[in-house]
Structure formats: C-alpha cells, structure tokens
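Peer 1: In terms of my numbering, the sequence shown opens at residue 45 and continues consecutively. C-beta: ideal position from N, C-alpha, C; glycine also. For reference, the structure I am asking about is given below.
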Amino acid sequence: MNKAIVYYSKTGNTDMVANKFKDFDLLRITAESDDPNIKDPKLTNIPKIDSYDYIVFASPVHGFQLSRVMRSYLNQVQHLEGKLIDIFITHFFPFAWMGGDQTLKQMKKLIKSRGGEVRYKTSINWSRRNREATIDEMIKLYHE
Ligand SMILES: Cc1cc2nc3c(=O)[nH]c(=O)nc-3n(C[C@H](O)[C@H](O)[C@H](O)COP(=O)(O)O)c2cc1C
C-alpha cells in the first residue's frame, strides 16, 4: 500500500509530527506566502496523490479555523474516492472549542466534498504535557 502524509505547516509543529511517521512519503503543501490572513493563498507545491491508497492529511489551526493553505489545497485536490483517509491537526489553545473541533469538522467536510471519507481524526494540543503520548498513540493507530 502506498502511503503519504499530505500536510501544511507554517511554524514547524505539524512538520515535526509528520516526520515521526515511518514508511510514509511526506508531501508538504507550500504557498507563495505563509501569511495566514491571505484569503486565497497561491499554492507553490500542490502534492499529487493519484498513486497513494492511504493518505493522512494534516494542518495547523489558524484563527479558530482550518489553515487557508490546507483549505485551498482540499478545494482543488483530485477526487478521493476509494482512498483510506485519516487526518490530524495541531493547535495551541487549551480547549477544543477554540478552533480544534471546528478545524476537524472543516477538514472532514472538504474531504467529503471530494468523495473521501475520514476514518480517524486526532487533535494534537501543543500546549499539553501529554503531547508526545498523543502523537505516539496516533502513530500506532494510523496504519493501513
Ligand atoms: C496565525 C495563527 C493563528 C492561530 N490560531 C489558533 C487558534 O485559533 N486555535 C489554536 O488552538 N491555535 C492557534 N494557533 C496555534 C497553531 O495552530 C499551533 O501552534 C500549530 O501547532 C502550528 O502548526 P505549524 O507549526 O505546523 O504551523 C495559531 C497560530 C498562528 C500562527
């Protein structure tokens, strides 16, 4: 099974987590600018996912929402039917209602609009002491 993590990271946290997955291709979405205020960011690397059967999409939370770079990517990604899909997000604020829940919902909805179904979802709260344990559990859970 071909496996990829397709992710965006502005300040490196999501990138650090993505790098802990073994046997996955790391496909990083990049944009001309990482300014989170740009409404319609121009993407400079748009990962191609045709050849993958299992994809983990990952993004930071920005302003209580899914990062706009990931939103732009998911709005233009090829159809996702038949692929195994898991997601995770990284965020910093202490409560899930401060962006985490909303972001997971947005990702699920966008993935659905491209014909995909999300299996597992995980929020990684960067400010929590149990962060590493959450990451380890997720990596154990996420497999083909
Ligand atoms: C512009 C901006 C807005 C953010 N807004 C939120 C937010 O609404 N809720 C939250 O929990 N964290 C928020 N954060 C924190 C990031 O989601 C968190 O640090 C994340 O792990 C960053 O991931 P990255 O290093 O991969 O970019 C924000 C960070 C930035 C830079």
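Could you compute how far the alpha carbon of Asn169 sits from the alpha carbon of Phe101?
Peer 2: Translated into the one-based positions of the sequence shown, residue 169 becomes position 125. Translated into the one-based positions of the sequence shown, residue 101 becomes position 57. Cα-Cα distance, rounded: 17 Å.
Peer 1: Buried or exposed: which applies to Ala48, given that a residue is buried once 16 or more other Cβ atoms fall within 10 Å of its Cβ?
Peer 2: Position 4 of the sequence shown, counted from the first residue, corresponds to residue 48. Answer is buried; the Cβ neighbour count reaches 16.
Peer 1: Using 8 Å as the threshold, is the C-beta distance between Arg112 and Ile82 below it?
Peer 2: To locate residue 112, count along the sequence shown from 1; it is residue 68. To locate residue 82, count along the sequence shown from 1; it is residue 38. Against a cut-off of 8 Å, the Cβ pair of Ile82 and Arg112 comes out as a contact.
Peer 1: Does the contact criterion of 3 or more C-beta pairs under 8 Å hold for the region 173 to 188 versus the region 139 to 153?
Peer 2: Taking 8 Å as the limit for Cβ pairs, the verdict is that the region 139 to 153 does not touch the region 173 to 188.
Peer 1: Within 10 angstroms of its Cβ, does Gly132 collect 16 or more other Cβ (buried), or is it exposed?
Peer 2: Your numbering for residue 132 matches position 88 in the sequence shown. Per the sequence shown, the amino acid found at residue 132 is Phe instead of Gly. With 16 or more other Cβ atoms within 10 Å, it is buried.
Peer 1: If you count every other CB in all the chains shown that lies within 10 Å of the CB of Lys127, and 16 or more means buried, which is it?
Peer 2: Walking along the sequence shown from the start, residue 127 turns up at place 83. So Lys127 ends up on the buried side.
Peer 1: Do Thr58 and Pro104 come within 8 Å of each other at the CB atom, strictly closer than that value?
Peer 2: Taking the sequence shown and counting its residues from 1, the one referred to as residue 104 is at position 60. Taking the sequence shown and counting its residues from 1, the one referred to as residue 58 is at position 14. Yes. Within cutoff.
Peer 1: Can you tell me which of the three DSSP states Asn89 falls into?
Peer 2: Here residue 89 corresponds to residue number 45 of the sequence shown, with the count starting at 1. Strand at Asn89.
Peer 1: On the criterion of 16 or more Cβ atoms from any shown chain inside 10 Å, does Tyr164 qualify as buried, or is it exposed?
Peer 2: Numbered from 1 along the sequence shown, position 120 holds the residue referred to as residue 164. Answer is exposed; the Cβ neighbour count stays below 16.
Peer 1: Comparing the CB of Asp145 with every heavy atom of ligand 1, is any distance shorter than 7 Å?
Peer 2: Looking up residue 145 in the sequence shown gives position 101. No, since every heavy atom of ligand 1 falls outside the 7 Å radius drawn around the Cβ of Asp145.
Peer 1: Counting only the same chain and skipping the five closest in sequence on each side, list residues whose C-beta sits under 6 Å from that of Glu188.
Peer 2: In the sequence shown, counting from the first residue as 1, residue 188 sits at position 144. Counting only Cβ-Cβ distances below 6 Å, and skipping sequence neighbours, we find Met45 and Tyr98.
Peer 1: Taking only heavy atoms of ligand 2 into account, decide whether any of them is closer than 7 Å to the Cβ of Asn119.
Peer 2: Ligand 2 is absent from the structure shown, which contains only ligand 1.
Peer 1: Among the candidates Gln109, Thr88 and Asp79, whose CA atom is the shortest distance from the CA of Lys153?
Peer 2: Here residue 153 corresponds to residue number 109 of the sequence shown, with the count starting at 1. Ranking the options by Cα distance to Lys153, first place goes to Gln109.
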